[in-house]
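Encoded as structure tokens, the structure appears first; notes follow it.
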Amino acid sequence: MNTEDTTNGKLSDLGIKVDYPTPNQIMFRSMARHKGFLVGSAVLVIVVLMAVLAPVLAPHDPYEQNLSMRMIPTVWQENGSWEHPLGTDNMGRDYLSRIIYGSRVSLMIGFLVMIIAASIGTTLGLLAGYFGGRVDMVVSFLITVRLALPAVLVAVAVVALIGGSTKVVIMVLGFLIWDRFAVVIRASTQQIRPMEYVAAAKAAGCSTRRILIGEVMPNLMNNLIVVMTLEVARAILLEAALSFLGMGVQPPTPSWGLMISEAKEFMLFDPHLITIPGIALFVLLLGMNLLGDGIRDVTAPEGRS
Amino acid sequence: MKKVLEIEGLFVDLQLPAGTLQAVQNVSFSVNQGETLSLVGESGCGKSLTALAVMNLLPPSGRFRAEKMEFMGESLLGVNEAGMAKVRGDKMAMIFQEPMTSLNPCYTIGNQLEEAYLQHRNVPESEARERAIYLLEKVGITAAASRLSQYPHQLSGGLRQRVMIAMGLMCGPALIIADEPTTALDVTIQAQILALLHALQKEFNMGLILITHDLGVVARMADRVAVMYCGQVVETGLAAEIFNNPKHPYTRGLMDCIPVPGKVEPGQKLGSIPGIVPTPIGNLHGCLFRNRCRYFRSKCAAENIPLIELGPGRAVRCISEQINS
Amino acid sequence: MIIYIVKRMGLALAVAVAVSMVSFMLIRMSGDPAIALAGENASSEEIEHVRAQYGFDRPLVVQYLDWGMKAARGDLGESPYFHLPVKQILGDRIGVTLTLGACALVFALVVSIPMGVLAAIRPNTWWDRTALGISVVGQAMPSFWFGLILIIIFAVHFRLLPVSGSDSWKHYILPTITLGYYATPAFMRLLRSGMMEVLASDYIRTARAKGLRWPKVLFKHALRNAVIPVVSLAAVQLGFMLGGSIVVESVFALHGIGYLAWESIGRSDLPVVQAIVLLLSMIYVFLTFLSDILNAALDPRIRMM
């Protein structure tokens, strides 16, 4: 309108630039400035590339045993060679290749566990937050019961009883770690439910399903993505712990947790067999956590402060 | 009359991500003993920050500087945190807008009343307790002694604001700064609290700085008024002068917004000020009100407008002949 | 106050019953317990014998009620491996785990409270970044790997501390640090954000306007409020740490119930595993109940309900 134009014109007379960035521009700008977000994304991209290009990148077959080439030191140690940059393990398998292939195990398990956990937790949280009352009581109770159960111990016990395999590990962890999804989604749904646009959709005669999927879910997405990222990290950590305890991924699959476990007996003289897969695991987890926190910061409405 | 507080050339800057917000620019005023000065303006005009600067309680992003800031004849400029702590709560007290959140939920009313007295006066706890009971009775709280062991959440908003006033009075201050003391309260409670403040101020002969956006409150309480707009004082004078003969277009605009019984016909539209308040970031020049002013002429944008003296204690920041004739 | 406690207690009891059902079902649903107990190579007669002996042939509900009633009276059955009452075995081992949990909690609080508070009162300084770094690293550090690294550094390389076992107080140092560091990031984040929120609150401004000295404002008015949520977190974290003791105890061969659980899983000692899951869950339920009571004691708004 006319009055608005003159107002703006006079605002710039005062030396104030009226050049408001769009929400997307603000988000991209804060992404580019957020160090944690950048580092986290970089780590994730590198590890994903590593997993996808494993056959190209790995110098050797990760399963190929060569008993005459056992326990070769790394290239920076004495007697190391570029043939095996990170040396070999006690079965003569190339450590670098196993690390590269290990990223596949971690990422796949982390992602699939997260998908299962997200489906369970988001559904429960959405129902509890939207319907409240009895539904909320039941879901809250389920969350409390789930938190009371010691996750690692239960996972280890169940995997041991059913028999360890990658599939079992994924299922068990997926059914165990939905709690954070439920907690966060429940809380965010409770915030969204009293909003005008939900009331408007209701008044327009939308079905509950339509409101949940069309109105509530889109507004949960930011929070959901943050939790998804953090839960992939948690799933990877739990898989590694399970494999370390011998109740996760089974040998000879190259899992970083399993590699640490196998290297335990050589701790005295070849500690690098422990440190290398540990660093890989640590960097991936660090990256995922930084990415999750970063997404939370840059998508927060007030920006970061 | 003795001057309690005298301020000249006060500036407050807030460091924001978007730049430096010049929240208060060159503000000067003084308060005498037993007198009420009202700082009036819309929210965000810098009136609260002015008060916080006097107390040296600005938020971490805020910095202030002034040519002169004298309290009871002594300069507050350059006084360190420990020195300010001695003044605060003793001779200078502040009452805040939000009685619901201004009391610590973890401690009893008695504890919070007494601690200021114990801090500033080297007295036994029993004496602080007696003082607290005396003042709770003064601010009209019944069963004062039993209130001491209650927690803030057990009191209503009106009662909490009475407690806040009693807390401000504990050490017998010479100056009370009340920052929107009734804004968060019900209308009926507002009147009671204002009457109470007024009575106490006269009884103890204190200076009172009353910060408000509510001209009704100003009319009831103020001896003198300073109208603030966008970080600047745009008009000062005795309350009666400001109400009977507002000079600045902004003050006039504010006056037109109040319905006056008898003067405004039923169904008649109340006045409003078009446009929005500019954000004082960057290089400010000219009159800051000009984008909303109906007397705007090119001269208003060209130069910085000084406060023009109209008489003793009466000044306006406007160069329009229509205003000053 | 009494109504509040009764309500909380009711909830705790309900959760306890639910948890006992889950820990009973977990073991039952994960396979045929008779086969697991009799061993892989047992003949079908032997399996049937075990089935009858342990009452696995009865309806599941009857089995649960029988087991649950006994468990409530403290009778957790007998370990087929040790041929001893489970109660006695757990009694011998629980002390180690509780000691470790308590030490780790104290360690985590001693590190995180001062650092979180300093980070909050000096945001964006060197202190704040150090605290942030410690918590980001701690979040991404797999505790089993961190434990092994500590062993490599302090026990193998410098020979300052014992590698494993639970004979003296020295054996607890590295496990305490490992387990405690796992809980530190959560405390530090909560204290920092809580403290910053409190310091920006109106009542802190009131306290300063009263002329109180900075230490009094900080310790009496700010910390007191910021610490309330930390108490709840401490209870939850202690529960998680005890649950996570299976990992740390097996790294350090510390003979607590976590290590016992791991060993028992390996030798299919199901009554012991089941009892440990139940016990750790019950401890968690008790701790959350305790934290509710402590919260009420600390926060007059809850106490006066």
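Read top to bottom, the protein sequences are chains A, B and C.
Residues in the first sequence are numbered consecutively from 1, following the working numbering.
Residues in the second sequence are numbered consecutively from 1001, following the working numbering.
Residues in the third sequence are numbered consecutively from 2001, following the working numbering.
We put the CB at the ideal spot given by N, CA and C, even for glycine.
Distance from the Cα of C:Leu2279 is smallest, within the candidate group A:Lys264, A:Leu149, A:Pro277, A:Val227, for A:Leu149.
Note that the C-beta distance between A:Ser255 and A:Gly102 is below 8 angstroms. A straight-line Cα-Cα distance of about 28 angstroms links B:Gly1271 and B:Gly1311.
The beta carbon of B:Met1167 is closer than 6 angstroms to those of Leu1113 in its chain, skipping five residues each way along the sequence. Under the criterion of beta carbons closer than 8 angstroms, A:His84 and A:Ile72 qualify as touching, at roughly 5 angstroms. The Cβ of C:Asn2225 sits closer than 8 angstroms to at least one Cβ of chain B. Contact holds between the stretch 1197-1217 of chain B and the stretch 1025-1043 of chain B, because three or more Cβ pairs, one in each stretch, are under 8 angstroms apart. Any Cβ of chain C closer than 8 angstroms to the Cβ of A:Thr144 would place that residue at the interface, and such an atom is present. For B:Arg1063, the closest alpha carbon among the candidates B:Glu1127, B:Lys1138, B:Leu1010, B:Asn1111 is that of B:Leu1010. Listed along chain A, the residues sitting closer than 8 angstroms to C:Val2247 by beta-carbon distance are Val152, Ala241, Phe244, Leu245. Shortest Cα-Cα distance from C:Tyr2203 to any of B:Pro1152, B:Leu1016, B:Thr1236 involves B:Pro1152. The C-beta separation of C:Phe2154 from C:Leu2160 comes to about 5 angstroms, placing the pair in contact by the 8 angstroms criterion.
The stretch 114-134 of chain A makes contact with the stretch 175-186 of chain A: 3 or more CB pairs, one atom from each, lie closer than 8 angstroms.
Contact check for C:Val2273 against C:Ser2281 fails: the beta carbons are separated by 8 angstroms or more. Nearest CB-CB separation between C:Trp2169 and chain A: not below the 8 angstroms threshold. A buried status is given to B:Met1055, since no fewer than 16 other beta-carbon atoms sit within 10 Å of its beta-carbon.
In this structure, the CA atom of B:Leu1135 is about 19 angstroms from the CA atom of B:Gln1190. About 15 angstroms separates the Cβ atoms of B:Ala1199 and B:Asp1223, ruling out a contact at the 8 angstroms cut-off. Within chain B, Phe1096, Glu1098, Thr1101, Ser1102 have C-beta atoms less than 8 angstroms from the C-beta of C:Asp2202, given in sequence order.
For B:Val1227, the pairing in a beta bridge is given by DSSP as B:Val1040, B:Glu1235.
Below the 9 angstroms Cβ cutoff, chain C contributes Pro2300, Arg2301, Arg2303, Met2304 as neighbours of B:Tyr1151, in chain order. When the beta-carbon positions are compared, B:Gly1237 and B:Ile1193 stay at least 8 angstroms from each other.
Under the DSSP definition of a beta bridge, B:Leu1208 partners with B:Thr1036, B:Ile1176. Annotation: Cβ neighbours of B:Arg1088 in chain C (cutoff 9 angstroms, chain order): Arg2208, Ala2209, Lys2210, Gly2211, Leu2212. Excluding its 5 nearest sequence neighbours in each direction, C:Leu2294 has C-beta neighbours in its own chain below 7 angstroms: Val2231, listed in chain order. Looking only at A:Ile177, A:Asn223, A:Thr208, A:Tyr63, the smallest Cα-Cα distance to A:Gln191 is reached by A:Asn223. Assignment of A:Glu64 by DSSP, reduced to helix, strand and coil, places it in the coil class.
Proximity of the stretch 2238-2254 of chain C to the stretch 1134-1149 of chain B falls short of the contact definition, fewer than three beta-carbon pairs being nearer than 8 angstroms.
The criterion of a C-beta distance shorter than 8 angstroms is satisfied by B:Cys1318 and B:Lys1247. A buried status is given to A:Ser106, since no fewer than 16 other beta-carbon atoms sit within 10 Å of its beta-carbon.
When the five nearest sequence neighbours on each side are left out, the beta carbons in the same chain lying within less than 8 angstroms of the beta carbon of A:Arg210 are those of Ala201, in order along the chain.
For C:Asp2292, no beta strand (DSSP E) segment is defined; the enclosing uninterrupted segment is the alpha helix (DSSP H) at 2270-2298. At least one CB atom of chain A sits nearer than 8 angstroms to the CB of C:Phe2144. Looking at the DSSP output, A:Pro73 shares a beta bridge with no other residue. Residues of chain B with a Cβ closer than 8 angstroms to the Cβ of C:Arg2205 are, in chain order, Leu1057, Phe1096, Ser1102. The beta-carbon of B:Glu1125 is placed no less than 8 angstroms from the nearest beta-carbon of chain C.
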